[in-house]
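K.L.:
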Amino acid sequence: MPRMKKYPFREIEPKWQRYWEENRTFRAVEDASVPPEKRRYVLDMFPYPSAAGLHVGHPEGYTATDIYCRYLRMNGYNVLHPMGFDSFGLPAENYAVQTGTHPKATTEANIDRFREQIKSLGFSYDWDREVSTHRADYYKWTQWIFLKLWERDLAYVAEIPMWYCEALGTVLANEEVIATPEGPRSERGNHPVERRPLRQWMLKITEYADRLLEGLEDLDWPESIKAMQRNWIGRSEGANVTFPLADDAAERAAAAGLGEDERHIEVYTTRPDTLFGATYMVMAPEHAMVAALTTPEQANAVRGYVDATKLKSDLERTELSKEKTGVFTGSYAINPVNGAQIPIWISDYILASYGTGAIMAVPGHDERDWDFATAFDLPIVKVVARPDEDDPQAPLAAATPEYGVAVNSGQFDGKPTEQVKSEIIDWLESHGHGSRAVNYKLRDWIFSRQRYWGEPIPLVECDGEYYPIPEDQLPLTLPEVESYKPTGTGESPLAAVTEWVECDCPDGSGRRGRRETNTMPQWAGSCWYYLRYLDPANDRAFADREKIEYWMPVDLYVGGAEHAVLHLLYARFWHKVLYDIGVVNTDEPFLRLVNQGMILGENGVKMSKSLGNVINPDDIVSEYGADSMRVYEMFMGPLQQEKPWSTQGLTGVHRFLDRVWRLTERPLDETPADEELRRVLHKSIRKVGHDTGKLAFNTAISQMMILVNELYKHDGRPREVWEPLVRMLSPYAPHLAEELWEMMGNRSPVSLGAWPEFDEELTRDDQKEVVLQVNGKIRARLTVDAGTDRETLQRMAMEHERIAELTAGKQVVKVIAVPDKLVNVVVK
RNA sequence: GCGAGAGUGGUGAAAUUGGUAGACACGCCAGAUUUAGGAUCUGGUGCCGAAAGGCGUAAGGGUUCGAGUCCCUUCUCUCGCACCA
15 MPRMKKYPFR EIEPKWQRYW EENRTFRAVE DASVPPEKRR YVLDMFPYPS
65 AAGLHVGHPE GYTATDIYCR YLRMNGYNVL HPMGFDSFGL PAENYAVQTG
115 THPKATTEAN IDRFREQIKS LGFSYDWDRE VSTHRADYYK WTQWIFLKLW
165 ERDLAYVAEI PMWYCEALGT VLANEEVIAT PEGPRSERGN HPVERRPLRQ
215 WMLKITEYAD RLLEGLEDLD WPESIKAMQR NWIGRSEGAN VTFPLADDAA
265 ERAAAAGLGE DERHIEVYTT RPDTLFGATY MVMAPEHAMV AALTTPEQAN
315 AVRGYVDATK LKSDLERTEL SKEKTGVFTG SYAINPVNGA QIPIWISDYI
365 LASYGTGAIM AVPGHDERDW DFATAFDLPI VKVVARPDED DPQAPLAAAT
415 PEYGVAVNSG QFDGKPTEQV KSEIIDWLES HGHGSRAVNY KLRDWIFSRQ
465 RYWGEPIPLV ECDGEYYPIP EDQLPLTLPE VESYKPTGTG ESPLAAVTEW
515 VECDCPDGSG RRGRRETNTM PQWAGSCWYY LRYLDPANDR AFADREKIEY
565 WMPVDLYVGG AEHAVLHLLY ARFWHKVLYD IGVVNTDEPF LRLVNQGMIL
615 GENGVKMSKS LGNVINPDDI VSEYGADSMR VYEMFMGPLQ QEKPWSTQGL
665 TGVHRFLDRV WRLTERPLDE TPADEELRRV LHKSIRKVGH DTGKLAFNTA
715 ISQMMILVNE LYKHDGRPRE VWEPLVRMLS PYAPHLAEEL WEMMGNRSPV
765 SLGAWPEFDE ELTRDDQKEV VLQVNGKIRA RLTVDAGTDR ETLQRMAMEH
815 ERIAELTAGK QVVKVIAVPD KLVNVVVK
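Take the position in the first sequence, starting the count at 1, then add 14; the result is the number in the numbering used here.
1. Determine the direct distance from the alpha carbon of Gly615 to that of Glu737, and round the result to whole angstroms.
2. Would Thr220 and Glu280 be called neighbours here (beta carbons separated by less than 8 Å)?
3. For Lys326, which three-state DSSP category applies?
4. Whole angstroms is fine: what's the gap from Glu122's alpha carbon to Pro472's?
5. Measuring from the CB of Pro258, is there a heavy atom of the ligand HEM at a distance below 7 Å?
6. Report all residues from its chain with a CB closer than 6 Å to the CB of Arg24; omit the five preceding and five following residues, and keep chain order.
7. Return the CA-CA distance between Arg804 and Met810, expressed in angstroms with no decimal places.
8. Suppose contacts are defined by Cβ-Cβ distances below 8 Å. Is Val48 in contact with Asn92 by that definition?
9. Going straight from the alpha carbon of Pro299 to that of Tyr319, what length do you get?
10. Indicate the three-state DSSP secondary structure (helix, strand or coil) for Phe23 in the structure shown.
11. Report yes if the CB atom of Ala451 is closer than 8 Å to the CB atom of Gly252, and no otherwise.
12. Is it right to say His749 is buried, meaning 16 or more other beta carbons lie within 10 angstroms of its own, or is it exposed?
13. Run through the DSSP bridge pairs and tell me what Asp58 is partnered with.
14. With H, G and I counted as helix, E and B as strand and the rest as coil, what does DSSP make of Ile792?
15. Looking at C-alpha atoms only, which residue of Trp155, Asn789, Pro350 and Ile817 is the closest neighbour of Leu488?
16. Would you mind giving the Cβ-Cβ distance between Arg54 and Leu86, rounded to the nearest angstrom? I have them listed as a contact below 8 Å.
17. Would you call the CB atoms of Ile715 and Val645 closer than 8 Å?
18. Could you have a look at His148 and say whether DSSP puts it in helix, strand or coil?
19. Under 8 Å by Cβ, that's how I've got Ile851 and Pro258 pegged, so tell me the actual separation to the nearest angstrom.
20. Quick check on the burial criterion: 16 or more other C-beta atoms within 10 angstroms. Buried or exposed for Asn625?
21. I'd like to check one pair, Gly271 with Tyr547: are the Cβ atoms closer than 8 Å?
22. Whose CA, out of Ile394, Ala366, Ile373 and Leu135, lies closest to the CA of His379?
23. Which whole-angstrom value describes the C-beta separation of Val419 and Pro430, a residue pair presumed to lie in contact below a C-beta threshold of 8 Å?
24. How is Ala187 classed by DSSP in three states: helix, strand or coil?
25. If you reduce the DSSP assignment to three classes, tell me which class Ile471 lands in.
26. Given Leu754, which residues of its chain have a CB within under 6 Å of its CB, disregarding the five upstream and five downstream residues?
27. Using CA coordinates, which residue listed in Thr115, Trp467, Asp100 and Thr503 is at the minimum distance from Ile125?
28. What separation, rounded to the nearest whole angstrom, lies between the Cα atoms of Leu456 and Leu492?
29. Just reading off the alpha helix (DSSP H) that Pro105 is part of, what are its end residues?
30. For Ile699, which three-state DSSP category applies?
31. What do you get for His814, buried or exposed, if any count of 16 or more other CB atoms within 10 angstroms of its CB means buried?
32. Identify, in the order they occur along the chain, each residue of the same chain with its Cβ nearer than 6 Å to the Cβ of Glu274, setting aside the five sequence neighbours on each side.
33. Please give me, in chain order, every unbroken run of the beta strand (DSSP E) with length at least 3 that falls completely inside the stretch 351–398.
34. Taking the alpha carbon of Val70 as the point to measure from, which residue in Tyr480, Val635, Lys727 and Ala263 has its own alpha carbon closest?
35. Quick check on Ser444: does DSSP put it in helix, strand or coil?
36. Per DSSP, what kind of secondary structure is Asn204 in: helix, strand or coil?
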């Protein structure tokens, strides 16, 4: 080995990891003497323990929060910083289907590996609080929360069309279905799939839509994430409008068994102001009234279209470039504002799940309706003119969705359409043709999975009614099954465990009942894990109220942007429900959210096995050490930014730590440091502290590098500089710092020590370089005493040889002097 | 199409309120040192130019004594949503 003395991270790192563990150095205790403003809850998104182990993206966020927590502790904060595992989920179940291995065995082996990998990076978690969502003492409370939702009528059963694959005998998620020329197929095996209505548990997240929207206002989250959530919730305001059926259509509906109050079509529109321009209607092919409204002549065409739609995936249906398709039902409706008879069509561009599943089409002022009307030669009426238009009746060349001035709209003509919008709603309401309405893109949450490896839903069905399993009988544990394979009926493998499914009805009536065999989705456990960390061993409540009060809400939550919508929306929803039933103290769980940017492969593209550019953290830790890994990942660039991995960059950081280590070859000396070194030190303490506090770790590290470089320029190793350096380094490279600290003769860990203080006086330079500009161009530089006043600076500039030369014979228009910065002489 | 964000050396990136662009690091070049080889140390390194000097923060325009930073226009890229009536 060529190197003279190598920084022995292989000995140091395990040594201190053992020390922290044995001494439970980072245990968080609810110490009442710490005032609330000195408490912080810093949370990482817990990982799914996959078989592949940790990848380099995990340590990025974890290192960031770890540095921040260590910094807070050194500044006198009581910090809660826990870690756990999101351990229910599909990969373990798929593996079980293939190999017969119990998902629990796979999962727990993976957890052990993850825990070991995480510990090898020296994070300051309070491991006494570790949770795993698949453990019965955890999911007992997931089930408990589900029952609270159920009690509040926020959980219900519905028949929902799900992708079902006959050959695989199982239900598939949208992303497991691919579009092929032969129709939708399963991603696995390429078998045909179809939509089948299946019984599902649903959660009424839509009931919380407005609060989820409003709650975003005060959160310190990235604007992009808030925008995504707003978009996902998709609130819009408009009106529901009732279109009566024309006479023969009404007769047809009556013949099909529809009551008098059902013989009309209700639509939702955000543009009631364009109602006079509605020249036809379109219903989703799945609309309940399609069959009743179809005339015999159109029956074949309609049936064919409806069947074809069933085979289309959502992706195909929403393909924008696609030509509009549709079929006329043969029936007509009446436009309530002008009595016009308008045809009723069906088309797959109308979604059954949004609004009422039917629309009034206004081709003049809606691009989609324009396309459809053009394709099928349907009439187009202009009802909105531009305010500046010379001829308001001039024909339209394309749909104009903008607001303007009403035309061809009876008594509303000439009015601004924004105003008409509200007036028409009033008119509709007073004439019984409609009412104001709000709609959301957000759908209720399909909460059941036809799978084994998830939380059992704690309900029993007796004679068609559901009864909750009493709280004192929770958890309802997963039974052992003989096979993890799908049942072939679309039910979960639990359905095959007769002795588990069949049970007494919890109502005590002595009737027999059947347990719910659907399980909860993976999101369930991650909806509330941050609460369980507060009190992980509690068997009387999900967490003690005082502990909730002590720590909540989460001050900082760090994780990947891939959870921007679903996890964060679901967790917020559950939290609000828990708030409503009075068991948590805040309306929102996560005050501040930061997304770490993805780490790309060395070639600048996403890491993936197939590209062969995956970096394994274990290799980095064994070759360069955990401290190098930590400092490098933070030095790469801003936390929030996407950035490519560079092994050469890593060696640069490793070299820096090595340089720190080699300073110990110099004897520690008690003599005061040079003035110059001391100034760099105090500036460094200020900058490193400031930057660490705002998560700007890259610049904090560069400042420590500057300090170390400065130290090398001087002789000796003054304690006055060395001690604060080791303290500052300790959140970043904690193993190295602990070792250096111990070498200085300290007995207690630097991790529990104090952050160094700086002397304001020493952070200010007494000399400043001032630039002299002529017309904004730098022409000379001067070193002056700090704080030299404007007049003096101006005089010095004008007297300067070079400036005098350049301004000679010219008229000086003005001289700007900024103390400690510059003098700008403006000449003509 | 809509929404959010970003464009700075060969590379990752710095740059309180508009006030010395490129800190720190990688790479590269030169040198030193060593039982030589992925170590360490010193110096150099935005571009053009021999130099003086000029030019430089995606492009163009504007405000200003002064713009990477503020305003307008355009282009490119990334991410998210995408027939939501």
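Glycine included, every Cβ here is placed at the ideal spot set by N, Cα and C.
P.N.:
So, from the data block:
1. Their Cα atoms are separated by approximately 37 Å.
2. no
3. coil
4. 24 Å
5. The model depicted lacks the ligand HEM and carries no ligand whatsoever.
6. none
7. Arg804 and Met810 have their C-alpha atoms some 10 Å from each other.
8. yes
9. 8 Å
10. helix
11. Remark: C-beta atoms of Ala451 and Gly252 approach each other more closely than 8 Å.
12. Taking all protein chains in view, the Cβ of His749 is crowded by 16 or more other Cβ atoms within 10 Å, so the residue is classified as buried.
13. Val572
14. strand
15. Of the listed residues, the one whose Cα sits closest to Leu488 is Trp155.
16. Indeed, because the Cβ distance is near 5 Å, the residues count as touching under 8 Å.
17. Yes; because the gap between Cβ atoms is below 8 Å, this pair is in contact.
18. It is coil, neither helix nor strand.
19. No information on residue 851 is available, as it lies outside the stretch 15 to 842 that the chain covers here.
20. Going by the sequence as given, residue 625 is Leu instead of Asn. With fewer than 16 Cβ atoms within 10 Å of its Cβ, Leu625 is classed as exposed.
21. no
22. Ile394
23. With a beta-carbon spacing of about 6 Å, Val419 and Pro430 fall inside the 8 Å limit used to define contacts.
24. coil
25. coil
26. Val740
27. Asp100
28. 32 Å
29. Leu104 to Thr113
30. DSSP places Ile699 in helix when its eight states are reduced to three.
31. buried
32. Nothing meets the Cβ criterion.
33. 355–360 and 372–375
34. Val635
35. helix
36. coil
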